[in-house]
Structure formats: structure tokens, C-alpha cells
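All remarks here apply to the structure that follows.
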């Protein structure tokens with residue numbers, strides 16, 4: 001019982017910290033990575049509630065689909081900086 005409470009507290013802190021990082025991060029890439037951490041920690045909460053199917057769907061749909069879509073959108077729409085242009 002104590003280990004479950006400690007695990008819940010740890011992952012609750014991870015979820016809150018990474019969610020705040022999503023909002024407060026200046027770089028879109030870091031924000032997307034922190035969103036992945038937040039979504040994975042929510043999946044851990046589902047596993048702790050013995051809802052393994054919801055945890056699997058959380059990982060497959062949100063982390064696997066939405067986060068990859070955001071990552072590709074960031075990579076494809078990123079503007080070239082002046083340093084990158086001068087190197088070419």
C-alpha cells in the first residue's frame with residue numbers, strides 16, 4: 001500500500017511538472033517532448049488503476065499518433081535560421 005502511494009505521488013509530480021513544462025517551454029520541440037512525458041505518465045496512472053486497455057490506447061493513439069504528428073509538423077514547418085542558411 002505504501003509503494004502504491006509513493007508511485008502515485010511520483011508520477012503525479014511527473015505529470016504536473018511536465019504539463020507545466022509544456023506550457024512554459026519556449027521551444028516547440030521541447031514542448032512536444034514534455035507532452036510525450038505527460039501522456040506517458042498518464043498511461044502509468046491508468047495501469048495503476050488496472051485499466052491496461054486504456055493505458056495501451058493512451059500510448060498508441062496519443063503518444064504514437066498525435067505526438068508524432070506534432071513532431072512532423074514542427075520539423076516540416078520550421079524556418080531556417082541565418083546560421084543554417086550561411087552554411088549551405
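In the working numbering, the protein residues as written are 1 to 88.
All C-beta atoms, glycine included, are put in the ideal place defined by N, C-alpha and C.
Self-check item: Inter-residue spacing [alpha-carbon to alpha-carbon] between residue 76 and residue 70
Solution: 10 Å
Quiz item: Is there contact here, the stretch 22 to 29 with the stretch 48 to 61, by at least three beta-carbon pairs under 8 Å?
Solution: no
Quiz item: If residue 74 and residue 36 are in contact, beta carbons under 8 Å, what's the gap, nearest whole angstrom?
Solution: Contact doesn't hold; Cβ gap of about 13 Å is too wide.
Quiz item: Within 10 angstroms of its Cβ, does residue 38 collect 16 or more other Cβ (buried), or is it exposed?
Solution: buried
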